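Reading through the C-alpha cells given below for one structure.
Below, the structure written as C-alpha cells:
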C-alpha cells in the first residue's frame, strides 16, 4: 500500500533525533489519534541550519517526518513556510488516500517549529 | 531465503489439504442440485446431510435439522439477530449484547436500533469477560434476545457462556452465541451450555471461505432474511453450495478429532510466545485473559509505539500479524474491543495480535520472539513518547 520511497524513509529515517538547544520546537498530532510528531529546528541567518524529528505513529507518519527534514534543511524560513502537506506526499511518490489527512502532519510540524522560533525571537526583543 | 512466519490466522487460514480433497469431486463430477429428484440430486442431498451431521456432532446439537448453512459467520450473525428480532416482535423489542462483539453483530444491532428495537450493550472487565451483574440488570420482560460471543477473536478471552445462558433463560430470552473464533478450537456443547442459536464459520476451522452455519435449537422462531426457493427448510434460500458444504463438514470432522491435541500444542506455543515477549521487552503487557483464552491467541501491547509501524517492520522480517491500531483499519478508529477493556487510545494503537495456526512450530515462535525486541527498540528511539530511562 505504500510506495517504495515511503518504505525507504521508514526503514532509514533521515535526521531522526532531538536538538537539545533547538531554536524552535513544534509538536503536532495527538497520541489518541495514533500520530504525534515533534520537529526541532536550528536557525542561522534566517536559514534552517539543522532540523530533526521524533515521531510516534504509523509508517506514513515516520516517512513524512523524515521527508520534511530533507525538504526543509538549508531553506530560508520563508521558503520552508511554503512547503505544503502536498509537497511532502508528492516527494514520497504519493500516500494512500486514508493517510493524507491523519498522518501527513510533517508540514504542520515544521511550520509550528518555525512559528515557535519567531515567537521566541519576538519575545527576546 | 528469508524465513516467513504467518501468525495472522484470525484474519485467514489456509484450507486443509484433506478438505480440498474432500471437496474436489463436487465441482465437476457430482454437480447435482440437492433439490432435484433424480439420482444426481439424491447424491448431493446425501452429502449435505452428512455435513450437517458432522457439524451437529462437533457442537453437541441433538438433531441435525438444527444446522442451517449460510455464506459465513457474518451472515449467520445477521440471520440469528435480525431473524429472531423480526419474528419475535410480538414478545418484545429489546436486545442485549456486549461491547466487544464482532462488527457483524455490532452493526446488525445498530441497524435494528434504527427500527423499533432497543439495544443494551453490556460492558466487560479489564480481561474482556462479560460483566454478569450488568447482564442481569439489563434483562427485562421485553428482552427477546441476548447475543454474546463464545470467545473474542482479537483478545482471545473466552466467556462463561453456560452461566450467561442460565441467566438469559431464567428471564425467558434466547441466547445467540457468535462462536466463529471458538468453534473447532475449544469444545462447545450447545445443549449443556444453554445456547439457542450459534454462528460458525468454515475458514476459521481451516475450511473454504464463503460458507458457514447457524445452529438454531428446534422450536426457535426465526424470520428468514434471504428469500427465494425455500432451501434450508425455508430459513436460507439459494441453491446449496455443495462443494463448500462438504468442505465445512470435513472441517468440523477434522476439528472434532484433532481439537484436543492441537489445542494443547497451540496453547504451549502461545504461552511460550507471550512469556518470551513479555520477558524480553520492557513496558509490554498481555491483552485479554491470562488463562481463559483461545489456544492460538497472543495479543500483546507495547507502550510508546504504534502498531502499523510494528507490522511494517515485522513484515520486512517475513512475519505476518495484525494490530489493534487505527492506522491498519478502514475507520481510523482503534479497535473497539481494546477500548472496551479499558485501554487508552494510545495503548490500543500499540497492540499486536498474533494468531497461531497448524503450520506454526517452536522455531516460528523463537523467530518472532527474537525479532521483535530490536524492532520495538528502534521504534521507541524514534518516538517522542518514550521515557529517556527506557532507552539507556
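Protein chains in written order, with the working numbering: chain E, 2 to 126; chain L, 2 to 393.
Positions of the beta carbon are idealized from the N, C-alpha and C atoms, including for glycine.
Just so we're clear, the structure is a prediction, and the values are computed from it rather than from any experiment.
Checklist entry - Which whole-angstrom value is the C-beta distance of residue 288 of chain L and residue 300 of chain L, which I expect to be below 8 Å? => result On the second chain, position 287 is the one that residue 288 of chain L refers to. On the second chain, position 299 is the one that residue 300 of chain L refers to. Residue 288 of chain L to residue 300 of chain L, Cβ: 4 Å. Contact.
Checklist entry - Using a C-beta cutoff of 9 Å, does residue 60 of chain E count as contacting chain L? => result If you number the first chain from 1, residue 60 of chain E lands on position 59. Closer than 9 Å to some Cβ of chain L, the Cβ of residue 60 of chain E qualifies, so yes.
Next on the checklist: For residue 111 of chain L and residue 18 of chain E, I'd like the C-alpha separation in whole angstroms.
Outcome noted: Locating residue 111 of chain L in the second chain gives position 110, where the first residue counts as 1. Locating residue 18 of chain E in the first chain gives position 17, where the first residue counts as 1. Computed Cα separation, rounded: 46 Å.
Checklist entry - How long is the line joining the alpha carbons of residue 309 of chain L and residue 104 of chain E, rounded to whole angstroms? => result What you label residue 309 of chain L is simply residue 308 of the second chain in a count that begins at 1. What you label residue 104 of chain E is simply residue 103 of the first chain in a count that begins at 1. Each residue's Cα considered, the two are about 12 Å apart.
Next on the checklist: Can you check whether the C-beta of residue 350 of chain L is within less than 9 Å of a C-beta belonging to chain E?
Outcome noted: In the second chain, the residue the question calls residue 350 of chain L occupies position 349. So, interface residue.
Next on the checklist: Helix, strand or coil for residue 216 of chain L? Go by DSSP, reduced to three states.
Outcome noted: Indexing the second chain from 1 puts residue 216 of chain L at position 215. Reduced to three states, the DSSP call for residue 216 of chain L is strand.
Item to check | Buried versus exposed, by CB contacts within 10 Å (16 or more), residue 276 of chain L | outcome: In the second chain, the residue the question calls residue 276 of chain L occupies position 275. Classification of residue 276 of chain L: exposed, given that the 10 Å Cβ count is below 16.
Next on the checklist: Strictly below 7 Å CB to CB, what residues from chain L border residue 33 of chain E?
Outcome noted: As a position in the first chain, residue 33 of chain E is number 32, starting the count at 1. Those within 7 Å of residue 33 of chain E in chain L are 346 and 347.
Item to check | Nonlocal neighbours in the same chain, by C-beta distance under 6 Å from residue 66 of chain E, ignoring five residues either side | outcome: Residue 66 of chain E sits at position 65 when you count from the first residue of the first chain. 38, 54, 56 and 107.
Item to check | Cβ contact check for the region 19 to 29 of chain L and the region 245 to 262 of chain L: 3 or more pairs under 8 Å | outcome: yes
Item to check | Secondary structure of residue 7 of chain L, DSSP reduced to three states | outcome: As a working mapping, residue 7 of chain L is identified with position 6 in the second chain. Strand, per DSSP.
Item to check | Identity of the residue in L:169, L:235, L:197 and L:350 nearest residue 307 of chain L by Cα | outcome: Within the second chain, the letter at position 306 stands for residue 307 of chain L. Looking at the Cα atoms, L:350 is the closest of the given residues.
Next on the checklist: If I measure Cβ to Cβ from residue 84 of chain L and keep anything under 7 Å in the same chain, skipping five residues before and after, which residues do I get?
Outcome noted: Here residue 84 of chain L corresponds to residue number 83 of the second chain, with the count starting at 1. So the qualifying residues of the chain are 223, 224, 225 and 226.
Checklist entry - Where does residue 305 of chain L fall in DSSP's three states? => result The count along the second chain starts at 1 and reaches residue 305 of chain L at position 304. Looking at residue 305 of chain L - three-state DSSP - the assignment turns out to be coil, as it is neither helix nor strand.
Checklist entry - Quick one, which residues of the region 304 to 328 of chain L are near chain E if we go by CB-CB under 9 Å, in chain order? => result 305, 306, 307, 308, 309, 310, 312, 313, 314, 317, 326, 327 and 328
Checklist entry - So, residue 113 of chain E versus residue 52 of chain E, is the Cβ gap smaller than 9 Å? => result The count along the first chain starts at 1 and reaches residue 113 of chain E at position 112. The count along the first chain starts at 1 and reaches residue 52 of chain E at position 51. In terms of Cβ geometry, residue 113 of chain E and residue 52 of chain E do not form a close pair [threshold 9 Å].
Item to check | Pick from L:390, L:385, L:392 and L:393 that is closest to residue 20 of chain E, judged by C-alpha positions | outcome: In the first chain, residue 20 of chain E corresponds to position 19, counting from 1. Answer by Cα proximity: L:385.
Item to check | Under the three-state DSSP convention, the category residue 113 of chain E falls into | outcome: Start at 1 with the first residue of the first chain, and residue 113 of chain E comes out as number 112. Of the three classes helix, strand and coil, the one that applies to residue 113 of chain E here is helix, per DSSP.
Item to check | Straight-line gap, residue 399 of chain L to residue 30 of chain E (C-alpha atoms, nearest Å) | outcome: Nothing in the structure corresponds to residue 399 of chain L, since chain L is present only between 2 and 393.
Item to check | Within chain L, the residues that residue 55 of chain E reaches when beta carbons sit closer than 8 Å | outcome: For the purposes of this step, residue 55 of chain E is taken as residue 54 along the first chain, with counting starting at 1. For residue 55 of chain E, the neighbours in chain L by C-beta distance under 8 Å run, in chain order, 383, 384 and 385.
Next on the checklist: For residue 153 of chain L, count the other beta carbons within 10 Å of its own beta carbon; 16 or more makes it buried, fewer makes it exposed. Which is it?
Outcome noted: Against the second chain, residue 153 of chain L aligns to sequence position 152. Per the 10 Å Cβ criterion, buried.
Item to check | Simplified DSSP assignment, three categories, for residue 65 of chain E | outcome: As a first step, residue 65 of chain E must be located in the first chain, where it is residue number 64. Residue 65 of chain E falls in the helix class under three-state DSSP.
Next on the checklist: Could you check whether the Cβ of residue 400 of chain L sits closer than 9 Å to any Cβ belonging to chain E?
Outcome noted: Within the shown structure, residues of chain L are numbered from 2 to 393, placing residue 400 of chain L beyond reach of any answer.
Checklist entry - Interface residues of chain L around residue 4 of chain E at Cβ under 7 Å? => result Locating residue 4 of chain E in the first chain gives position 3, where the first residue counts as 1. Simply none; closest approach about 13 Å.
Item to check | Best match in L:188, L:279, L:173 and L:95 for proximity to residue 353 of chain L [C-alpha to C-alpha] | outcome: Here residue 353 of chain L is taken as the residue at index 352 of the second chain, counted from 1. Considering only alpha carbons, the answer is L:279.
Checklist entry - What separation, rounded to the nearest whole angstrom, lies between the Cα atoms of residue 131 of chain L and residue 50 of chain L? => result As a first step, residue 131 of chain L is located in the second chain; it is residue number 130 there, counting from the start. As a first step, residue 50 of chain L is located in the second chain; it is residue number 49 there, counting from the start. Their backbone Cα atoms lie some 36 Å apart in a straight line.
Next on the checklist: With DSSP as the reference, identify every bridge partner of residue 43 of chain E, one or two as the case may be.
Outcome noted: Taking the first residue of the first chain as 1, we reach residue 43 of chain E at position 42. Answer by DSSP bridge pairing, in chain order: E:51.
Item to check | Cβ separation of residue 355 of chain L and residue 274 of chain L, assumed to be a contact under 8 Å, to the nearest whole Å | outcome: Residue 355 of chain L sits at position 354 when you count from the first residue of the second chain. Residue 274 of chain L sits at position 273 when you count from the first residue of the second chain. Residue 355 of chain L to residue 274 of chain L, Cβ: 6 Å. Contact.
Checklist entry - Around the C-beta of residue 28 of chain L, are 16 or more other C-beta atoms found within 10 angstroms, so that it is buried, or is it exposed? => result In the second chain, the residue the question calls residue 28 of chain L occupies position 27. Exposed, since its Cβ has fewer than 16 Cβ neighbours within 10 Å.
Item to check | Extent of the continuous beta strand (DSSP E) to which residue 27 of chain E belongs | outcome: To locate residue 27 of chain E, count along the first chain from 1; it is residue 26. Counting along the chain, the beta strand (DSSP E) containing residue 27 of chain E begins and ends at 25 to 31.
Item to check | Residues near residue 370 of chain L by beta carbon distance below 7 Å, same chain, minus five either side | outcome: Within the second chain, residue 370 of chain L is the residue found at index 369, counting from 1. Taken in chain order, the residues that qualify are 274, 277, 278 and 281.
Checklist entry - residue 36 of chain E CB to nearest chain L CB: under 9 Å? => result Within the first chain, the letter at position 35 stands for residue 36 of chain E. Chain L, which has a Cβ nearer than 9 Å to the Cβ of residue 36 of chain E, makes this yes.
Next on the checklist: Which residue wins for smallest C-alpha separation from residue 119 of chain E, given the options E:9, E:95, E:79 and E:69?
Outcome noted: Your numbering for residue 119 of chain E matches position 118 in the first chain. Nearest option by C-alpha distance: E:79.
Item to check | Enclosing beta strand (DSSP E) for residue 181 of chain L [first to last residue] | outcome: For this step, residue 181 of chain L is matched to residue 180 along the second chain. No beta strand (DSSP E) holds residue 181 of chain L; DSSP gives it neither H nor E.
Item to check | Closest residue to residue 149 of chain L among L:156, L:160 and L:142 (Cα-Cα distance) | outcome: Taking the first residue of the second chain as 1, we reach residue 149 of chain L at position 148. Answer by Cα proximity: L:160.
Checklist entry - Are the beta-carbon atoms belonging to residue 336 of chain L and residue 102 of chain L less than 9 Å from one another? => result Here residue 336 of chain L refers to the residue found at position 335 when the second chain is read from its first residue. Here residue 102 of chain L refers to the residue found at position 101 when the second chain is read from its first residue. No, Cβ-Cβ distance for residue 336 of chain L and residue 102 of chain L is not below 9 Å.
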